[in-house]
Every structure is written in C-alpha cells, then in structure tokens.
Amino acid sequence: MKIKGLAFLFLISATLLHAEPFQLKSPELSSGKLIANEQVFNGFGCSGGNISPSLSWTGLPKDTKTFAITVYDPDAPTGSGWWHWVV
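Counting with mature numbering (1 follows the signal peptide of the UniProt record, and there is no 0), you get residues -19 to -1, 1 to 68 for the letters of the sequence shown.
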C-alpha cells in the first residue's frame, strides 16, 4: 500500500511541476495603472474611446469550457464602487 501511495504522490507532483500557470494578458492594461482613454466608456459623463482591450491567455486548466471576467472600479462615485464588466 505504501508503494501505491508513493507512486500516486509522484504522479501528482510530476503533473503539477509541468503544469503551465494560467496567465491573462493585455497589451492595453497594466496592473495597478489606470486604463487608457481608448478603453474608457463613452457615456454617463465619460468621453473615452469605448474600445474593449485585447485579451489573450495561456495555461488554461484542462477541460476549461468558459471564463468569467469582471472589472470592478472601487473609485466610482456611487458610494460602493461599480462593476464595469461582467463578461
């Protein structure tokens, strides 16, 4: 039984060592920085370009079928922030 347990642990650790981490990237967005005016909404007092940023991803977990992407703005003048995107 110990050999089977060790073989299982080895298999799991080997799989984890070779798994590529999930990464979401966008040339238009940078962590901790404001979005460019091109990506700002055009309406409700905003005058941006209303262009969605390009998104690319790598390292999807096996059998991934869908993604959920959200953008939350804690500084929106609502008293509680604003969810700009739920895609």
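All C-beta atoms in this analysis are idealised placements derived from N, C-alpha and C, irrespective of residue type, glycine included.
Checklist entry - What does DSSP give as the partner residues of Asn23 in its beta bridges? => result The residue labelled residue 23 in the question sits at position 42 within the sequence shown. Note: Asn23 sits in a beta bridge opposite Ser28.
Item to check | Beta-bridge partners of Val52, as assigned by DSSP | outcome: Within the sequence shown, numbered from 1, the residue matching residue 52 stands at position 71. Among the bridge pairs identified by DSSP, Val52 is matched with Trp66.
Checklist entry - For the beta strand (DSSP E) that Leu5 lies in, which residues bound it at each end? => result Here residue 5 corresponds to residue number 24 of the sequence shown, with the count starting at 1. 4 to 6 is the extent of the beta strand (DSSP E) around Leu5.
Checklist entry - With a CB to CB cut of under 8 Å and the five nearest residues on each side skipped, what residues in its chain are close to Pro2? => result One-based indexing of the sequence shown puts residue 2 at position 21. A distance below 8 Å between beta-carbons, with the five flanking residues on each side excluded, links Pro2 to the following residues of its chain, in chain order: Gly40.
Checklist entry - Alpha carbon to alpha carbon, what distance is there between Glu19 and Ser7? => result Walking along the sequence shown from the start, residue 7 turns up at place 26. Walking along the sequence shown from the start, residue 19 turns up at place 38. Roughly 14 Å between the two C-alpha positions.
Item to check | Close beta carbons around Gly29, own chain, < 8 Å, minus the five adjacent residues each side | outcome: Here residue 29 refers to the residue found at position 48 of the sequence shown. Around Gly29: Asn18, Glu19, Gln20, Val21, Phe22, Asn23.
Checklist entry - Between Leu36, Asp54, Gly60, which lies nearest to Lys14 when the distance is taken from Cα to Cα? => result If you number the sequence shown from 1, residue 14 lands on position 33. Per the C-alpha coordinates, the member of Leu36, Asp54, Gly60 positioned closest to Lys14 is Asp54.
Next on the checklist: According to DSSP, Ser37 sits in a beta bridge with which residue or residues?
Outcome noted: Position 56 of the sequence shown, counted from the first residue, corresponds to residue 37. Bridge partners of Ser37: Lys6.
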